[in-house]
Amino acid sequence: MPQHCPYVGVTVAQFQGFMPSTLIRGLKLLGIDFVELNKSILPEIDRVADSLGSIITAFHLPLIAENGWDFSCLDYKNEIDSMIDTLQRYRDKLHLHHVVCHPPEPDKQSEKLRFSLEFLFENLQKLNIPVHLENVPALHPDEFLKIYWQAEQSLNTKLAGMCFDAPHYFVDGHDPVELFKTFRDITTSVHLSDCHEAEDVHLPFNCGGSLPVNEFLSTLRESGFCGFITLEIKPHSLKELDAYIDSYMTTLQHMNYKKYLKTKLRLFALRPLINRFAA
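Going letter by letter, the sequence shown gives residues 36 to 314 in my numbering.
Structural data, given as structure tokens:
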């Protein structure tokens, strides 16, 4: 996978009645070469695999807030083992480069669940796919770093690095630009969207959010970052399609200008189709 510029991609999940495999085919028209998948693709995993072409993927492991369990939940061993088996069997078909994992988030539990950091590490060992450990809201940067070093001791080379989620730090009152500089040496992937000061609402850029997107992207570029950037944007409707595409283009403009120019030409040809969907 020789590439000096970062991979810039998006999260893919079912949206407005469109299945993930259909969305991926549309993203390929834009020239997107990386997407981040999650549990929502499993019902049509074969169709998703067939739709990818040369696209590289990451897989975000389940979250308590969205799925009711994660890889640290002791009472969900069967579900965890099943997902481990599925991801191992489909790793090559999905062109799966890494998984993204949260540390345990007991504060997100809607019911009393038993969780264990050791159980999380045990399951990630069994998964045997490179792990990017993501910072989560309400976890102080120092506490995250302690967990990160524990993960490194347990997983060794299976821990590929940190997934730096800029909005997660911003909503906690931290400066994501300065914290990225702190965590630069261990950061291998980035999650980015715009958001409000106190709520991670996964906005497209320039849609009412307050995260310093351009400053963050400039810092990312100046640092020489060449990992994976996932735009975790969740449009409310197809009317936000232009803002969604503009967010992707802004990221390319900062991080991969040559691809940005090529994609501008693609967009010129695709404009009638985009206008029809966004109408």
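Backbone N, C-alpha and C define an ideal beta-carbon position, used for all residues, glycine too. All values reported here derive from a predicted model rather than from experimental measurement.
Which word fits residue i, buried or exposed, when buried means at least 16 other C-beta atoms lie within 10 angstroms of its C-beta?
i	result
S272	exposed
L194	buried
D229	buried
S151	exposed
Q192	Note on identity: in this sequence residue 192 is Thr, with Gln being the wrong assignment. By the 10 Å Cβ count, T192 comes out exposed.
L300	exposed
E153	exposed
S89	exposed
W104	buried
N291	buried
G44	buried
V47	buried
Please confirm whether residue i and residue j have their CB atoms less than 9 Å apart.
i	j	result
T298	G61	no
L174	V166	no
L255	F205	no
K187	V135	It is worth fixing the name first, because residue 187 is Glu in this sequence and not Lys. Not closer than 9 Å, so no.
K74	N102	yes
F263	Y42	yes
V212	L227	no
L155	S224	no
I99	E157	no
L296	Y283	no
L64	L287	no
CA-CA distance, residue i and residue j?
i	j	result
S145	P307	Note that S145 has pLDDT 48, beneath the 50 cutoff, so the model's placement of it is unreliable and the number below is only indicative. If I take the Cα positions, the gap works out to 45 Å.
F179	H203	12 Å
L87	L72	11 Å
S117	R124	11 Å
V83	P55	7 Å
G196	A233	27 Å
R219	S258	8 Å
I76	T121	12 Å
V70	K269	14 Å
V176	F199	One detail in the question is off: residue 176 reads as Pro in this sequence, not Val. Rounded to whole angstroms, P176 to F199 spans 11 Å at the Cα level.
I164	H137	15 Å
L302	D81	29 Å
F260	S189	26 Å
L58	T222	28 Å
L162	I115	10 Å
E275	P78	27 Å
G243	D277	15 Å
K294	Y111	43 Å
P207	I182	One detail in the question is off: residue 207 reads as Asp in this sequence, not Pro. Approximately 18 Å, taken between the alpha carbons.
Q185	L109	19 Å
D127	N310	35 Å
D281	F312	15 Å
F50	D68	20 Å
L238	A201	13 Å
Beta-carbon of residue i versus every beta-carbon of chain B: anything under 9 Å?
i	result
E275	The chain labelled as chain B is not found in the depicted structure, where only one protein chain is given.
Just confirm the distance between the C-beta atoms of residue i and residue j, as a whole number of angstroms; I'd bet it's less than 8 Å.
i	j	result
T285	F240	6 Å
D235	P172	7 Å
S253	H289	6 Å
Query raised in the report: Between the region 88-95 and the region 124-131, are three or more C-beta pairs nearer than 8 Å?
Result: yes
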